[in-house]
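A.B. asks: Before I ask anything, let me first share the structure, which is written out below as structure tokens.
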């Protein structure tokens, strides 16, 4: 077995999420359990893919940043049991803060590539109403005493202000304009029915109100203008730049995705929405954690042997507008480039921390299906305590035409064609063909 | 009628715990995920209390629901909504009518109003102008299930427990449409099964899956996303993506085959009711009358007849007695026994000793091992008896395993818990010893002396005696405060009652431990004073005495044995004596006679049967009918003062009123409620008579004999 081991192709079969809610007493999920939100997603995935025998799921990996209470007790396992998956299906909990679900995907994908799994469920949840950010955490005093991390780095809003300091060219006007664009793009996507197909309706019960059915996201504020945003206060710094309007809110929600080896997908008749090319995580100074996607993306591109110009679609998490713009500026991409966050982003739809990674993937998969000219896309996000994560995906619907490119590969490390030793997209593709032929 | 018209009714219940009807507009998830199927009004029935307080239906609840439904009808007419759904708070749709409210309806006028209010509300649900749905998420009993039956469509959760129409058991009929709608929805045979057979079989209910299988619900979903899937299904029904088929439904006009099946179902049910209740209670027959005549009724005709039936039955003693027996006694008093000391005084029971390895002892060992899940040691005088006792337990465990009642692991665990020894030294570390040895004071005292020499100072000693004095048994103990009576009924696994006997020296910690142990054993415990034969056997003994006396006096066997049929006993007296065993019955009777004198008749004829080795009076023909062998009769001698059945009944009623009056005067139990709880749970006497004391009040025996009622507060 250990001889002749081959890395296997990993495909993204399907992804769903709950509508996202606003954290807090008035939010749609006040009184609803986090694990129940995950369960709804897992069950919907199984319903949408009836050709998958439940006992063929080899792992359930669910991320949560705060792993206590209704997000505790090894939520990947509890959610699998609560969802009615066979008891033979194992599960685990995973945490990389905002990139929890992304890490659930990459970790289990690695297991697929290695041959440990055929089919997995990976996702994430954060009920920030039940688990305010950082609640219960006990940072080691050495961070302070030895100045390992600027205390400001433990507050994400401060790190966003720090990013403005580092890149004076990113003004509040630019971040507000980007935020308005996010709201408008999401509203348009809703109007075009591009968001709804991957939402799982969630029924919730509130005292003296009865059952309600939640079918749409609660956070969006369509019709927001730059004038509206200009007047918002800057809670992290007096006369600062980061506001509730140009940042993601505090939210509740869950996501889940189905991944499989290419062979298993074919055997079981599962759709292939995306093919995994490469992924990478990278660390940066915690006090400017928002810049994390830049080195992570460079690393992932290098591994894939691709350049930034090869990427036809970007799903970048909008923790803060400034952090997205620092990424775009680095790669020479315009603030309003149509390849970036076509359906809007977290500023509009919300960011229930550990769940968001799979939302990016689900949306990229939808865009791949809509746009067959695109061959490669990335999902990328910044991560607390100074990290970034990037996953590069290939569009199985690509029609062979050249991807649209409106920007040069400014600052990209590798040029197209420089093959790294870790294998390239085309190699992965050939491997699949070989397998299929055999 | 408008809500206003029910104000006299609602005004009678200012303290009703109202189950509210909360409405939320839901955007139905259209097929394919896009919104747009339309707005659906979802009503949640919720009394705002936790799972320990089921939602129920009282007049104020129904009027609120009616107002909400009328508002939806108006919205439907205005084109604002495309459907209406009703569901409940977690675990409950609705557990049925608020029985204490219905019991409180003392005049017929109010009964009629309550019946028609239900019909009024439920008819609205079936005629909203848009499709109506009920999502049966949990318990749906009686009027709760009838809400669902009156809707156009139903879904049910696999997690829903307790679905049924228990009205016939309670002394009512499913008169809010159930008796009309159910046979048409699931066929007459299934309907009779739900309304009669289940109701009269210890109030058996259906699971969600069983309800779906019968056709009560059109779709079955799992609890994890039951509301979501029900709404998605409703959207498909409304948009025509799903067509509902009801294979068990009976369409009108009835085909000849359906008509014949209908008649056969009613006839079969009448036989069932006769067998089960000897027609002692009016409700099942009234239900079957409605069903029989209702074959050709229109809905309106049936609803009118249902109103009358409900109003009649609400006024019956049988209904009030059932509510008393079921709600006040079994559900409430049975769970909070009168006179039990503070549970905090109870000591832990981590290991149990059983003295004896006979049939009773073996049943006790099995019960303790299964329910307490602690080691149980049986002792007897030789290894063969010990092996037989332990073997009995293992065999019974294997039977449970074979029936799928317990898992293999649980079977292994239970078997491993039960061991045997020929030496009482094995009791050194037990916390509780119960004896089930031969019913003789000297033997029991000897046993306890031996046990006391081995066990710790705090080990509790319990006796399963049915007729001996616990006080006398404690006399020579070093620690008499540790002895308590723990009287089970046969078969131990089936009969709920446990008479806990407090002797004068029994201390509170011991008594508290006895009650906590009873609870852990899932028995209904009643505290009784140490008086001969305690409660059930004393009452049965007095009854046996009267019946054997009239038999000895010359009343023929059929008359004597059938005279008590109006009392709705589960078995005739001679039948029960044969089951108990004539020698055992005679032994108890003799000890009662010794204790109380001639009012407990000891039958010479019964002794002759015992001496002749007869197992009982009756023999069975091949067809099940009973007769007495001529040769048996030849053994017996009779007086020449026969009684009529009527005379036997009155004589027995009076004897029971007398005996129970004496027991209450002696303080054997805290009140007549405990007497009733004992005969219901220990002898299977009927709830529709309230056990026995409400019946004795009603037939005049209490006043004839004691000059007063046992329950002056229940007199209407």
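Protein chains in written order, with our numbering: chain A, 1 to 438; chain Y, 439 to 1154. Glycine included, each C-beta is placed from N, C-alpha and C at the ideal position.
1) Where do the N-terminal and C-terminal ends of the beta strand (DSSP E) with residue 535 (chain Y) fall, by residue?
2) Would you mind stating whether residue 377 (chain A) and residue 103 (chain A) have Cβ atoms separated by less than 9 Å?
3) Shorter than 9 Å from the beta carbon of residue 118 (chain A) to some beta carbon of chain Y?
4) Taking buried to mean at least 16 other C-beta atoms within 10 Å of its own C-beta, is residue 490 (chain Y) buried or exposed?
5) Taking all protein chains shown into account, decide if residue 819 (chain Y) is buried (16 or more other Cβ within 10 angstroms of its Cβ) or exposed.
6) Check whether the stretch 259 to 270 of chain A and the stretch 112 to 122 of chain A touch, using three or more Cβ-Cβ pairs below 8 Å as the test.
7) Could you run through the stretch 644 to 667 of chain Y and flag, in chain order, every residue whose CB is less than 7 Å away from some CB of chain A?
8) Count the other CB atoms, across all protein chains shown, that sit within 10 Å of the CB of residue 845 (chain Y); report buried if there are 16 or more and exposed otherwise.
9) Identify every residue that forms a DSSP beta bridge with residue 261 (chain A).
10) Apart from the five residues on each side of it in sequence, which residues of its chain come closer than 6 Å, Cβ to Cβ, to residue 21 (chain A)?
11) If you measure beta-carbon to beta-carbon, which residues of the stretch 245 to 279 of chain A are closer than 9 Å to chain Y?
12) Assign residue 445 (chain Y) to one of three DSSP states: helix, strand, or coil.
13) Report the rounded CA-to-CA distance for residue 1114 (chain Y) versus residue 944 (chain Y), giving the unit in angstroms.
14) Can you look up residue 388 (chain A) in the DSSP assignment and give me helix, strand or coil?
15) Taking the alpha helix (DSSP H) that residue 567 (chain Y) falls in, what are its first and last residues?
16) Unbroken alpha helix (DSSP H) runs of length 4 or more, entirely within the stretch 142 to 168 of chain A: which are they?
17) Between residue 993 (chain Y) and residue 1110 (chain Y), which are expected to be in contact by the criterion C-beta below 8 Å, what is the C-beta distance as a whole number of angstroms?
18) Taking DSSP's pairing of strands, which residues face residue 463 (chain Y) in a bridge?
19) Residue 740 (chain Y) and residue 732 (chain Y) look like a contact to me (Cβ under 8 Å); what is the Cβ gap, rounded to whole Å?
20) Consider the Cβ of residue 78 (chain A): report whether some Cβ of chain Y lies at a distance smaller than 9 Å.
21) Starting from the Cα of residue 614 (chain Y), find the closest Cα among Y:1023, Y:661 and Y:564 and give me that residue.
22) For a test of the three-state rule: what should DSSP assign to residue 1135 (chain Y), helix, strand or coil?
23) Reducing DSSP to helix, strand and coil, say where residue 814 (chain Y) ends up.
24) Step through the CB atoms of chain Y and report whether any lies within less than 9 Å of the CB of residue 189 (chain A).
25) Here's a check: name, in chain order, each residue in its chain whose Cβ is nearer than 6 Å to the Cβ of residue 205 (chain A), leaving out the five neighbours to either side.
26) Which runs of the alpha helix (DSSP H), 4 residues or longer, sit entirely within the stretch 558 to 628 of chain Y?
27) Once DSSP output is grouped into helix, strand and coil, what is the label at residue 214 (chain A)?
28) Output, in chain order, the set of chain Y residues within a Cβ distance shorter than 9 Å of residue 208 (chain A).
29) Exposed or buried, which one is residue 488 (chain Y) when buried takes at least 16 other CB atoms within 10 Å?
30) Give the residues from the stretch 516 to 531 of chain Y that approach chain A closer than 8 Å (Cβ to any Cβ), ordered along the chain.
31) Counting contacts by CB-CB distance shorter than 9 Å, is residue 339 (chain A) in contact with chain Y?
32) From residue 393 (chain Y) to residue 1047 (chain Y), what does the alpha carbon distance come to, in whole angstroms?
33) For a cutoff of 9 Å on Cβ pairs, would you count residue 36 (chain A) as touching chain Y?
34) Report the three-state DSSP secondary structure of residue 61 (chain A) (helix, strand or coil).
35) Anyone know if the C-beta pair for residue 1122 (chain Y) and residue 1008 (chain Y) falls short of 9 Å?
36) Quick check: what's the CA-CA separation for residue 977 (chain Y) versus residue 1097 (chain Y)?
C.D. replies: Short version:
1) Note, residue 535 (chain Y): premise wrong, no beta strand (DSSP E); not H, not E.
2) no
3) no
4) exposed
5) exposed
6) yes
7) 660, 662, 663, 665 and 666
8) exposed
9) A:10
10) 27, 28, 29, 218 and 252
11) none
12) helix
13) 25 Å
14) strand
15) Unbroken run through residue 567 (chain Y): none, as it is neither H nor E.
16) 142 to 145 and 156 to 166
17) Contact flag wrong, Cβ pair sits at about 30 Å.
18) Y:479
19) 5 Å
20) no
21) Y:564
22) helix
23) strand
24) no
25) 211
26) 581 to 588, 605 to 608 and 616 to 624
27) strand
28) 458, 460, 484 and 486
29) exposed
30) 525, 527 and 528
31) no
32) Absent from the model: residue 393 (chain Y). The displayed extent of chain Y is 439 to 1154, so no value can be given.
33) yes
34) strand
35) yes
36) 7 Å
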